[in-house]
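A.B. asks: Provided herewith is a single structure, encoded as structure tokens, for subsequent inquiry.
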Amino acid sequence: MEEKKLRTVRSYVRRESRLTSAQQRALDEFMPQWGLTVPTTTFDFRSIYGNDNEVVLEIGFGPGTSLVEQAIAEPQTNFLGVEIHGPGVGSCLAGVAKNNLQNVRVMREDFMDVLPYIPDNSLQKIQIFFPDPWPKKRHHKRRLIQVEFVVDITYKLKSQGIIHLATDWENYAAHMVNVLNRIGNLQQFSTERFSRPKTKFEIRGEKLGHGVWDFLYRKTE
Ligand SMILES: C[S@@+](CC[C@H](N)C(=O)[O-])C[C@H]1O[C@@H](n2cnc3c(N)ncnc32)[C@H](O)[C@@H]1O
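In this text, residue positions in the sequence shown follow the UniProt record's numbering: the first is 1, and each later residue adds one.
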């Protein structure tokens with residue numbers, strides 16, 4: 001497959017990856033079993049997970065505590081987590097291995113490099129919780145949630161598949177709604193029945209008095 005770099009603006013902060021020894025050990029020990037690298041052809045989820053269960057993609061899972069919690073609670077669902085930051089991937093892998101979760105795979109990659117290899121109409125859900133808010137106006141272009149990006153990930157959803165976004169920045173929440181409402185084949189639906197584990201950034205934000213905005217949209221066709 002021809003490699004296609006979809007976006008050159010980075011949505012994440014470049015950080016020195018200071019790994020703790022436990023995170024490094026988890027990467028060394030558990031990447032071979034639970035890690036995936038960017039493939040050369042589109043993913044074959046059936047062979048990756050060994051079953052035909054639905055696949056949920058999480059982009060930017062941070063330390064992965066909520067991803068692990070969700071995967072424990074939903075053993076009949078397959079989870080694919082993509083996170084660029086090494087320490088987060090190490091922490092997540094430690095949690096995945098500790099619970100011996102067979103329904104999780106983890107990638108230490110920029111999601112933009114992974115996107116072309118996800119088959120169209122293959123995912124039941126895409127979740128992006130508390131993406132970097134890039135609060136300064138001149139940095140808004142670095143926000144992950146943009147019309148072109150949401151169009152691209154919507155192709156990857158099955159019909160009736162769900163996009164679940166959350167943020168604790170009111171200004172980003174308004175931007176998210178604006179973007180989501182511009183996608184013709186996405187429709188907002190009620191969040192009342194919905195629960196998800198709290199994430200690390202969410203808990204940190206709550207301590208600072210931040211609000212939380214969740215958005216659930218369904219692919220209509
Ligand atoms: C503010 S943190 C939130 C982490 C987690 N979802 C939580 O709520 O605790 C955003 C995360 O997204 C990751 N991220 C941002 N852009 C990414 C990209 N293009 N590919 C993979 N990860 C990305 C960052 O490294 C960071 O860990």
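Glycine included, C-beta positions come from ideal geometry on N, C-alpha and C. Since the model is a prediction, treat every value here as computed from it, not as a measurement.
So H175 is in the alpha helix (DSSP H); what residue range does that whole segment cover?
C.D. replies: As a working note, residue 175 is residue 175 in the sequence shown. From DSSP, the alpha helix (DSSP H) with H175 extends over E170 to L180.
A.B. asks: Assuming T20 is part of the beta strand (DSSP E), what are its boundary residues?
C.D. replies: As a position in the sequence shown, residue 20 is number 20, starting the count at 1. Taken as a continuous stretch (DSSP letters only), T20 belongs to no beta strand (DSSP E), as it is neither H nor E.
A.B. asks: Using three-state DSSP, classify D214 as helix, strand or coil.
C.D. replies: Along the sequence shown, one-based indexing puts residue 214 at 214. Looking at D214 - three-state DSSP - the assignment turns out to be strand.
A.B. asks: Hey, P187 and T154: beta-carbon distance below 7 Å or not?
C.D. replies: On the sequence shown, residue 187 is found 187 positions in, with the first residue counted as 1. On the sequence shown, residue 154 is found 154 positions in, with the first residue counted as 1. Contrary to the premise, residue 187 reads as Gln rather than Pro in this sequence. No.
A.B. asks: Does any residue of chain B have a CB that is nearer than 7 Å to the CB of G50?
C.D. replies: In the structure shown, chain B does not exist; there is a single protein chain.
A.B. asks: One question on the structure: do V55 and F45 come within less than 7 Å of each other, judged by their Cβ atoms?
C.D. replies: For this step, residue 55 is matched to residue 55 along the sequence shown. For this step, residue 45 is matched to residue 45 along the sequence shown. Yes.
A.B. asks: For P75, which residues from the same chain have a beta carbon less than 7 Å from its beta carbon, with the 5 sequence-adjacent residues on both sides left out?
C.D. replies: The count along the sequence shown starts at 1 and reaches residue 75 at position 75. Only N103 meet the Cβ criterion.
A.B. asks: Below 8 Å on the Cβ atoms is my contact criterion, and I expect L115 with C92 to pass it. Report the Cβ-Cβ distance as a whole number of Å.
C.D. replies: By one-based count along the sequence shown, residue 115 stands at place 115. By one-based count along the sequence shown, residue 92 stands at place 92. Their Cβ separation, rounded to whole angstroms, is 20 Å, which puts L115 and C92 out of contact at 8 Å.
A.B. asks: Are F111 and V82 close, meaning C-beta to C-beta below 7 Å?
C.D. replies: Numbered from its first residue, the sequence shown carries residue 111 at position 111. Numbered from its first residue, the sequence shown carries residue 82 at position 82. In this structure, V82 lies closer than 7 Å to F111 by Cβ.
A.B. asks: If you reduce the DSSP assignment to three classes, tell me which class F201 lands in.
C.D. replies: Along the sequence shown, read from residue 1 onward, the residue named residue 201 stands at position 201. Three-state DSSP puts F201 in a helix.
A.B. asks: Examine ligand 1 and report whether any of its heavy atoms sits within less than 6 Å of the Cβ of K200.
C.D. replies: Looking up residue 200 in the sequence shown gives position 200. Under cutoff, so the answer is yes.
A.B. asks: Taking V9 and R108 to be in contact with their CB atoms under 8 Å, please state how far apart those CB atoms are, rounded to whole angstroms.
C.D. replies: For the purposes of this step, residue 9 is taken as residue 9 along the sequence shown, with counting starting at 1. For the purposes of this step, residue 108 is taken as residue 108 along the sequence shown, with counting starting at 1. Actually they are not in contact, since the Cβ atoms of V9 and R108 sit about 20 Å apart, beyond 8 Å.
A.B. asks: For the alpha helix (DSSP H) that contains T65, what are its first and last residues?
C.D. replies: One-based indexing of the sequence shown puts residue 65 at position 65. That run of the alpha helix (DSSP H) goes T65 to A73.
A.B. asks: Please report the straight-line C-alpha distance between N53 and Q124, rounded to a whole angstrom.
C.D. replies: Position 53 of the sequence shown, counting from 1, holds the residue named residue 53. Position 124 of the sequence shown, counting from 1, holds the residue named residue 124. Each residue's Cα considered, the two are about 10 Å apart.
A.B. asks: Residues in the same chain with beta-carbon distance under 8 Å from H140, minus the five sequence neighbours each way, listed in chain order, please.
C.D. replies: Working through the sequence shown from its first residue, we reach residue 140 at position 140. Taken in chain order, the residues that qualify are W134 and H175.
A.B. asks: Just the C-alpha distance for R18 and G88, rounded to the nearest angstrom, thanks.
C.D. replies: Residue mapping note: residue 18 aligns to position 18 of the sequence shown, counting from 1. Residue mapping note: residue 88 aligns to position 88 of the sequence shown, counting from 1. Rounded to whole angstroms, R18 to G88 spans 10 Å at the Cα level.
A.B. asks: Distance, Cα to Cα, P32 vs E148?
C.D. replies: The sequence position of residue 32 within the sequence shown is 32, counting from 1. The sequence position of residue 148 within the sequence shown is 148, counting from 1. Taking the straight line from one Cα to the other gives about 33 Å.
A.B. asks: Report the CB separation of P197 from T167 in whole angstroms; it is logged as a contact under 8 Å.
C.D. replies: Walking along the sequence shown from the start, residue 197 turns up at place 197. Walking along the sequence shown from the start, residue 167 turns up at place 167. No, P197 and T167 are not in contact; Cβ-Cβ is about 16 Å, not under 8 Å.
A.B. asks: Out of A94, A71 and K156, state which residue places its alpha-carbon closest to the alpha-carbon of Q24.
C.D. replies: Locating residue 24 in the sequence shown gives position 24, where the first residue counts as 1. Looking at the Cα atoms, A94 is the closest of the given residues.
A.B. asks: So who's on the other strand from G35, going by DSSP bridges?
C.D. replies: If you number the sequence shown from 1, residue 35 lands on position 35. According to DSSP, which records beta bridges pairwise, G35 is partnered with V106.
A.B. asks: What residues in its chain sit with their C-beta under 6 Å from that of G35, if we drop five residues either side in the sequence?
C.D. replies: Here residue 35 refers to the residue found at position 35 when the sequence shown is read from its first residue. Within the same chain, G35 has close Cβ partners V106.
A.B. asks: Give the straight-line distance between the Cα atoms of E3 and T40, rounded to the nearest whole angstrom.
C.D. replies: Here residue 3 refers to the residue found at position 3 of the sequence shown. Here residue 40 refers to the residue found at position 40 of the sequence shown. Reliability of the predicted coordinates at E3 is poor, the pLDDT of 46 falling under 50, and the value obtained from them is presented with this limitation in mind. The straight-line gap from Cα to Cα measures roughly 9 Å.
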